[in-house]
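Under this note's numbering, the first residue of the sequence shown is numbered 3, with each subsequent residue one higher.
Cβ coordinates follow ideal geometry from the N, Cα and C atoms, glycine included.
A short worksheet on the structure shown next.
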Amino acid sequence: MKIEILETYEELSKRAAELILNYVNTNPSLNLALPTGGTPLATYSELRKLFSQGKADFSKANIFQIDEYVGLPPEHPQSYVHYLTKEIISPLKIPKENITFYNALTDNPQEETSDYEQTLKSIGYPDLMGLGIGHNSHIAFNEPGTSFTSRTHIVDLAEKTIEANSRFFNNKDEVPKQAFTTGLATIMDSKNILLLASGEGKAEAVAKSFQGEVSEEHPASILQKHPSTTILLDKEAASKLKL
Ligand code: PGA
3 MKIEILETYE
13 ELSKRAAELI
23 LNYVNTNPSL
33 NLALPTGGTP
43 LATYSELRKL
53 FSQGKADFSK
63 ANIFQIDEYV
73 GLPPEHPQSY
83 VHYLTKEIIS
93 PLKIPKENIT
103 FYNALTDNPQ
113 EETSDYEQTL
123 KSIGYPDLMG
133 LGIGHNSHIA
143 FNEPGTSFTS
153 RTHIVDLAEK
163 TIEANSRFFN
173 NKDEVPKQAF
183 TTGLATIMDS
193 KNILLLASGE
203 GKAEAVAKSF
213 QGEVSEEHPA
223 SILQKHPSTT
233 ILLDKEAASK
243 LKL
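The structure is reproduced here in structure tokens:
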């Protein structure tokens, strides 16, 4: 596990865009799982800028989402399909046939999880998986206590996660209570992982996950065992690490 500490969120975002682009340039038809949430927004903005300068070609990349709210229609502004389409897929003109999304409106969410895992397995587990981290150390929507052997599954979102994500909705009651998520074993099957964390609010989760013991109470701690993980932090997110 490699930890890089950048001075500011802007620098972190530029570095993240640079690293993602390096992976795409090295292997244009890579399998790329993309994170959502507040943290990667400036990374996507940087990638859009590079695209408009003719410096980023994602047209052959196979894109996967990492998690999605159960039951939220794809056109809902807070669905992650909507988010990824708006932030990166449309602006970078990534062809529709290269994209694997969850069907959040399925009648059979359980079957959707096994189908998604099967699709990942047959197309190939991600060459690069981008991740954020929750205040409670979740990665994707794998909340504390999730088994390290988990595959794609449905989760009941933790109160802390609903609270954190309510800032994107009109109120807390609108936040869906369940989500599809790539499992921890699925994440560990990715060849390379890039995790971004910004701000003081993430400092404790970062310190516990990356300098504490590997424990299912801190789902992100499993990344300590991954052979190719890069953690990008800004100064605030790194503030509780012992350096
Ligand atoms: P955030 O979410 O980037 O909006 O803080 C990260 C996460 O919950 O994984």
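Distance CB(residue i)-CB(residue j) smaller than 8 angstroms
i: Thr148; j: Leu197; result: no
i: Leu8; j: Asp236; result: yes
i: Gly132; j: His155; result: no
i: Phe143; j: Thr183; result: yes
i: Val208; j: Leu243; result: yes
i: Ser139; j: Pro37; result: no
i: Asp129; j: Asn27; result: no
i: Pro178; j: Val72; result: yes
i: Glu145; j: Thr188; result: no
i: Glu2; j: Tyr104; result: In this structure the chain extends from 3 to 245, so residue 2 is not present and cannot be described.
i: Met190; j: Ile141; result: no
i: Leu49; j: Leu94; result: yes
i: Ile101; j: Ile135; result: no
Cβ-based burial, residue i [other Cβ within 10 Å; buried from 16]
i: Glu114; result: buried
i: Asp109; result: exposed
i: Pro75; result: exposed
i: Gln67; result: buried
i: Lys204; result: buried
i: Gly56; result: exposed
i: Leu159; result: buried
Residues near residue i by beta carbon distance below 6 angstroms, same chain, minus five either side
i: Gly126; result: Asn33
i: Ala18; result: Thr45, Leu198, Leu234
i: Glu89; result: Tyr46
i: Arg169; result: none
i: Tyr85; result: Thr38
DSSP bridge partner residues for residue i (one or two, in chain order)
i: Lys4; result: Thr232
i: His155; result: Thr183
i: Phe71; result: A small correction: the amino acid at residue 71 is Tyr; Phe does not occupy that position in the sequence shown. Partner(s): Ala181.
i: Met131; result: Ala35, Ile195
i: Asn64; result: Asn33
i: Thr45; result: Note: Thr45 sits in no beta bridge, so no partner.
8 angstroms Cβ cutoff, residue i in contact with chain D
i: Ala44; result: The structure shown contains no chain D; it holds only a single protein chain.
Cβ shell of residue i (< 8 angstroms), same chain only, five flanking positions each side left out
i: Tyr11; result: Ala44, Ser200, Gly201, Asp236
i: Asn172; result: none
i: Ala181; result: Asp69, Glu70, Tyr71, Val72, Phe143, Ile156, Val157, Leu159
Residues near residue i by beta carbon distance below 7 angstroms, same chain, minus five either side
i: Asn29; result: Asp129
> Are the stretch 163-171 and the stretch 54-65 touching by the rule of at least three beta carbon pairs closer than 8 angstroms?
Replying inline: no
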